[in-house]
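Novice: This is the structure I have questions about; it appears just below.
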Amino acid sequence: MRAYDNQSSVMWENGCRATRLPHGKGDRVARGHKMACSLVAIFFVLTAVGAAGSEPKRVLVVHSFGSVAPPFTTHSVAFETELVEKMGERVDLDEVSLDMARYADPNLQEALVEYLQKRQAHWQPDLVVPIGSPAGVFVEQYRDRLFPEAPILYTGMDRRPLSPHALERNAAFICENFDGPGFIEDILQIAPATKNIAIVIGASAVEQYWAAAFRKEFEPFTNRINFIWLNDMSLDQMLEKTRALPPDSYIFLILLLRDATGVTHNADEALQRIHAVANAPINGIFQHQLGLGIVGGRLYQAELEGVESARTAVRILHGEPASSFPPKIVGPLSPRYDWRELQRWKIDEKLLPPGSTVLYRTPGLWEQHRALIISGISICVVETLLIAGLVVNRIRRRHAELSLSESEDRVALAADAAQLGVWEIDAATNKVWVSDKVRDLFQITPGTDVDYAAFHERVHPDDRPLRDSAIKRAIETKDGYEIEYRILLPDGTVRWISGRARCMSDGDGRSTRLLGVSMDVTERKRAENEAMEQRNELFHLSRVASLGQLSSSLAHELNQPLGIILSNAQAAQHMLADDNPDIPELQEILADIVGEDLRAGEVITRLRALLQRGETRLLPVALNGVIEDVLHLLRSDLVARGVTVRTTFAEGLPDVAGDKVQLQQVVLNIITNACDAMAENLQKDRILRISTNLQSDSVRVSIEDQGRGAPGGDVSRIFQPFFTTKSHGLGIGLSICRSIIAAHQGRIWAESNGTRGTTLHLQLQVIAPAAS
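Numbering (our numbering), first residue to last: 7 to 778.
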């Protein structure tokens, strides 16, 4: 497929493009363009071997100003190179140019439209890519005639020249958004004394559009800046003008494709010519101009814009709808500056914006002769170091010896103050070294040799497997351990020891020594046991107090079955007095007596369990059963209070590890508190909801009341000791509940129901996963 434009001829054959540029223009850009195209050609040859039989995707690139018109050249080269590299298959690329710098006549555009229409019968593009706003406007204007079905990818342009409806139908937009005021602000930041800014811009139709747009955007600065517009001049006149600008001037080059005399120009070459004669610093818009004569600033990335456009084009060619891509604006880089221009125009680097990058910095003496300087200094320093080395080494050795001695003294003092005994075991020989404090703890005779066996004999027989296992694991894993165990002294005294150790390795990583400390924690253990006993006593007293409050209800719960037993027994006596007693009726009476007796026995059994003292024992417990036992016990009290209980129990819940009596105490306390909170409600509003459910590896119990709730809805204080909203009671019930649940490694918390009531949740870990 071949495509030609007015300024250069571009040919694609078998997926490879050859470019012929006009003589004397864009030599530098053309060389870069040819190199990129050579790489593209090599890629095509490689991919053609594996995809010779596949139909290539067709891409039509519509240039605004020909293929040698910076910055559009930079954009198009980056686009085509990235497209061919990332496509993964053959691409049939074609190019056409409007060459708006030379030919802006609508009649010529109509001729191009007719040409493209005739060509459509033989070559239908899969994607149309207009580069530059003139190409974008052209494609939008003639789309229905030329490309009614093909997706459009607008790129290399600002959004403003396009109509609001350009992106409504199968089109994507990856471009820039020029910030006119930002360009002036960049200049004023680094040159705050600027009074005049000469605006270099051409006279083509698109340049006239941007001249008008920027004139309007620069209006806020006209009260302090005199803008000198050069768009009505030839390039030679521009050169003369920029050669003789007044003091405190700056030059801003926007775009120069055609001057006022109708002569077309390469914008980069024009920039270099202006730079050669200008008496003021120059700024531009695009990143590729950095190094050609501009000072710098927030520059737009034509190359990155081309790469981003190519990546979107690949996705469109692979089947994604163009309209699915939101418009993307490729913003400017962070500020970048040419160090040579900063030096030439005496611009202080302190004026640059934070985070600026300075390029092309001339290396100083250190950068140019670093190796030589380092070598010279090294030669001078080596002898001094060698001479001083012995002295320094001797001083360091003496300091190290003194520091080691002081460190040993500090460690010994700290160990004595903390009542710590230090020991060391050689894993290879089982030899043991112990400090005097260890001999005192284990009652080992001073001066006698200690081996592992002697050390081991002092450990309580029941705890020896634990300690041996910890030592073995520490040596195998090259780690440490922390355990508590008992020792049995020769006089029969049992002491509790807290031991910590760490494995020390040699240079080869082999475990050779186990270094540890031991501390007598017998008194702490005794205090913990006493605290545990006191806590259990407190739990027991709380249960007794709770049951005391329920005494009338419990009496009724016992009186009812006892009364039924008495009535049935009296009826049986009367029947037995008859000559012909009704035996079946007597059997029913006796069965009733047995049933009521069992009922009374269950009440007594539950009371005995709650009143019983004992240590905390964590055994498998079914929470549903715990709640049901408490509800049976409270049945009469709930009826007397007019409370309706609604339960929702999850079936098949796994057991939790807990003390059944203590968990019953928690549920009993929460339910009685809930009933107290609803005492002022109408009977129809005294509803208590209890539910259970499985939460991953734990069981949750939720108890919801319809009471008055916490003051202000703040439930954060209800678990604090002695906090209560009731006129009676000490306010320690929920505090005890929290202690019980914490001892079970569980959670208990409260949530306000909003307008009415409170929900208390308690959550306990299951013994085994629910699946098992």
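Every residue, glycine too, gets a C-beta built ideally from N, C-alpha and C.
Pick helix, strand or coil for E326, following the three-state DSSP scheme.
Specialist: Here the question's residue 326 lines up with position 320 in the sequence shown. Three-state DSSP puts E326 in coil, outside helix and strand.
Novice: Would the stretch 690-703 and the stretch 740-749 be scored as touching if the rule is three or more Cβ pairs under 8 Å?
Specialist: Not touching, per the Cβ criterion.
Novice: Where T451 and S441 are concerned, what is the direct C-alpha to C-alpha distance, given to the nearest angstrom?
Specialist: As a first step, residue 451 is located in the sequence shown; it is residue number 445 there, counting from the start. As a first step, residue 441 is located in the sequence shown; it is residue number 435 there, counting from the start. Using only the alpha carbons, I get a separation of about 12 Å.
Novice: Please list the segments of the alpha helix (DSSP H) lying wholly inside the stretch 178-247, counting only runs of 4 or more residues, in order along the chain.
Specialist: For the stretch 178-247, whole alpha helix (DSSP H) runs of length 4 or above, ordered along the chain, are 186-196, 211-223.
Novice: Identify which residue in P369, L521, G658 has its Cα closest to the Cα of R346.
Specialist: Counted from its first residue, the sequence shown places residue 346 at position 340. Per the Cα distances, P369.
Novice: Do L520 and I493 have their C-beta atoms closer together than 9 Å?
Specialist: On the sequence shown, position 514 is the one that residue 520 refers to. On the sequence shown, position 487 is the one that residue 493 refers to. No; because the gap between Cβ atoms is not below 9 Å, this pair is not in contact.
Novice: Taking the CB atoms as reference points, tell me whether A204 and T267 lie closer together than 9 Å.
Specialist: Position 198 of the sequence shown holds residue 204. Position 261 of the sequence shown holds residue 267. Not closer than 9 Å, so no.
Novice: Based on the DSSP output, what are the partners of K334 in its beta bridges?
Specialist: On the sequence shown, residue 334 is found 328 positions in, with the first residue counted as 1. Looking at the DSSP assignment, K334 forms a beta bridge with I180.
Novice: What distance in whole Å lies between the Cβ atoms of F224 and I3, which are believed to be in contact at a cut-off of 8 Å?
Specialist: Outside the modelled stretch of the chain, which goes from 7 to 778, sits residue 3, for which no answer is possible.
Novice: Could you compute how far the alpha carbon of A172 sits from the alpha carbon of P140?
Specialist: As a working note, residue 172 is residue 166 in the sequence shown. As a working note, residue 140 is residue 134 in the sequence shown. A172 and P140: Cα-Cα distance of roughly 13 Å.
Novice: Would you mind stating whether F655 and I633 have Cβ atoms separated by less than 9 Å?
Specialist: Position 649 of the sequence shown, counted from the start, is the residue given in the question as residue 655. Position 627 of the sequence shown, counted from the start, is the residue given in the question as residue 633. Against a cut-off of 9 Å, the Cβ pair of I633 and F655 comes out as a contact.
Novice: Counting only the same chain and skipping the five closest in sequence on each side, list residues whose C-beta sits under 7 Å from that of M163.
Specialist: Taking the first residue of the sequence shown as 1, we reach residue 163 at position 157. Excluding positions up to five away in sequence, the list reads G138, S139, G142, C181.
Novice: Measure the C-alpha to C-alpha separation of R403 and V438 and round it to an integer number of angstroms.
Specialist: Here residue 403 corresponds to residue number 397 of the sequence shown, with the count starting at 1. Here residue 438 corresponds to residue number 432 of the sequence shown, with the count starting at 1. Distance between the alpha carbons of R403 and V438: 30 Å.
Novice: With a 10 Å radius around its C-beta and 16 neighbouring C-beta atoms as the bar for buried, classify T318 as buried or exposed.
Specialist: For the purposes of this step, residue 318 is taken as residue 312 along the sequence shown, with counting starting at 1. Buried, because 16 or more other Cβ atoms sit within 10 Å of the Cβ of T318.
Novice: Rounding to the nearest angstrom, what Cα-Cα distance links V55 and Q295 in this structure?
Specialist: Taking the sequence shown and counting its residues from 1, one reaches residue 55 at position 49. Taking the sequence shown and counting its residues from 1, one reaches residue 295 at position 289. The pLDDT assigned to V55 is 41, lower than 50, so where the model puts this residue is not dependable; a value taken from the coordinates is nonetheless given after this. Taking the straight line joining both Cα atoms gives about 39 Å.
Novice: Tell me the DSSP secondary structure of M163 in three-state form.
Specialist: Here residue 163 corresponds to residue number 157 of the sequence shown, with the count starting at 1. In the structure shown, M163 sits in a strand (DSSP, three-state: E or B).
Novice: L104 to A177, Cα distance in whole Å?
Specialist: Stepping through the sequence shown from its first residue, residue 104 is reached at position 98. Stepping through the sequence shown from its first residue, residue 177 is reached at position 171. So the two alpha carbons sit approximately 21 Å from each other.
Novice: Nearest to D432 by CA position, among Q293, M510, I260, is which residue?
Specialist: The sequence position of residue 432 within the sequence shown is 426, counting from 1. That would be M510, whose Cα lies nearest to the Cα of D432.
Novice: Can you give the beta carbon distance from A156 to V134, rounded, assuming they're within the 8 Å contact cut?
Specialist: To locate residue 156, count along the sequence shown from 1; it is residue 150. To locate residue 134, count along the sequence shown from 1; it is residue 128. A156 to V134, Cβ: 5 Å. Contact.
Novice: Identify every residue that forms a DSSP beta bridge with Q349.
Specialist: Position 343 of the sequence shown, counting from 1, holds the residue named residue 349. Q349 pairs with nothing; no bridge assigned.
Novice: Quick one: Cα of E86 to Cα of S329, how far?
Specialist: On the sequence shown, residue 86 is found 80 positions in, with the first residue counted as 1. On the sequence shown, residue 329 is found 323 positions in, with the first residue counted as 1. Taking the straight line joining both Cα atoms gives about 22 Å.
Novice: Taking all protein chains shown into account, do 16 or more other C-beta atoms lie within 10 angstroms of the C-beta of Y121, making it buried, or fewer, making it exposed?
Specialist: In the sequence shown, residue 121 corresponds to position 115, counting from 1. Flag for Y121 reads exposed.
Novice: Under 9 Å between the Cβ atoms of T6 and I709?
Specialist: Past the boundaries of the shown model lies residue 6; the chain is included only from 7 to 778, so the question cannot be answered.
Novice: In angstroms with no decimal places, state the Cα-to-Cα distance between G302 and N232.
Specialist: Against the sequence shown, residue 302 aligns to sequence position 296. Against the sequence shown, residue 232 aligns to sequence position 226. Approximately 21 Å, taken between the alpha carbons.
Novice: From E389, L348, A507, pick the residue whose C-alpha is nearest to that of R473; which is it?
Specialist: Start at 1 with the first residue of the sequence shown, and residue 473 comes out as number 467. Answer by Cα proximity: A507.
Novice: Distance cutoff 9 Å, beta carbons only. Does A217 sit that close to anything in chain C?
Specialist: Protein chain content of the structure displayed is limited to a single chain, and chain C is not contained in it.
Novice: Over what stretch of residues does the alpha helix (DSSP H) that includes G486 continue unbroken?
Specialist: Walking along the sequence shown from the start, residue 486 turns up at place 480. Element bounds for G486: not the alpha helix (DSSP H) but the beta strand (DSSP E), 486-494.
Novice: State the start and end residues of the unbroken beta strand (DSSP E) segment that holds V500.
Specialist: Position 494 of the sequence shown, counting from 1, holds the residue named residue 500. Unbroken beta strand (DSSP E) run through V500: 500-511.
Novice: Taking all protein chains shown into account, decide if R230 is buried (16 or more other Cβ within 10 angstroms of its Cβ) or exposed.
Specialist: One-based indexing of the sequence shown puts residue 230 at position 224. It counts as exposed.
Novice: In the DSSP assignment, find the alpha helix (DSSP H) that holds N4 and state where it starts and stops.
Specialist: Outside the shown range of the chain, which is 7 to 778, sits residue 4, and nothing can be said about it.
Novice: Mind checking which residues open and close the alpha helix (DSSP H) that includes Q278?
Specialist: Counted from its first residue, the sequence shown places residue 278 at position 272. It spans 273-283 - the alpha helix (DSSP H) in which Q278 sits, taken as one unbroken run.
Novice: Look at the alpha carbon of I773 and the alpha carbon of G752, and state the distance between them as a whole number of angstroms.
Specialist: Reading the sequence shown from its first residue, position 767 is the one you call residue 773. Reading the sequence shown from its first residue, position 746 is the one you call residue 752. Cα to Cα, the separation comes out at about 13 Å.
Novice: Once the 5 residues before and after Y3 are set aside, which same chain residues still bring their CB inside 7 Å of it?
Specialist: Absent from the model: residue 3. The displayed extent of the chain is 7 to 778, so no value can be given.
Novice: Spatial neighbours of E488 within its chain, please: CB distance less than 7 Å, with the 5 preceding and 5 following residues excluded, ordered by chain position.
Specialist: Taking the first residue of the sequence shown as 1, we reach residue 488 at position 482. Correct list, in chain order: R506.
Novice: Compare the C-alpha of E246 against each of S70, V283, A217 and name the closest.
Specialist: As a working mapping, residue 246 is identified with position 240 in the sequence shown. Closest by alpha carbon: V283.
Novice: From the DSSP secondary-structure annotation, give me the bridge partner or partners of P136.
Specialist: Taking the sequence shown and counting its residues from 1, the one referred to as residue 136 is at position 130. Answer is V68.
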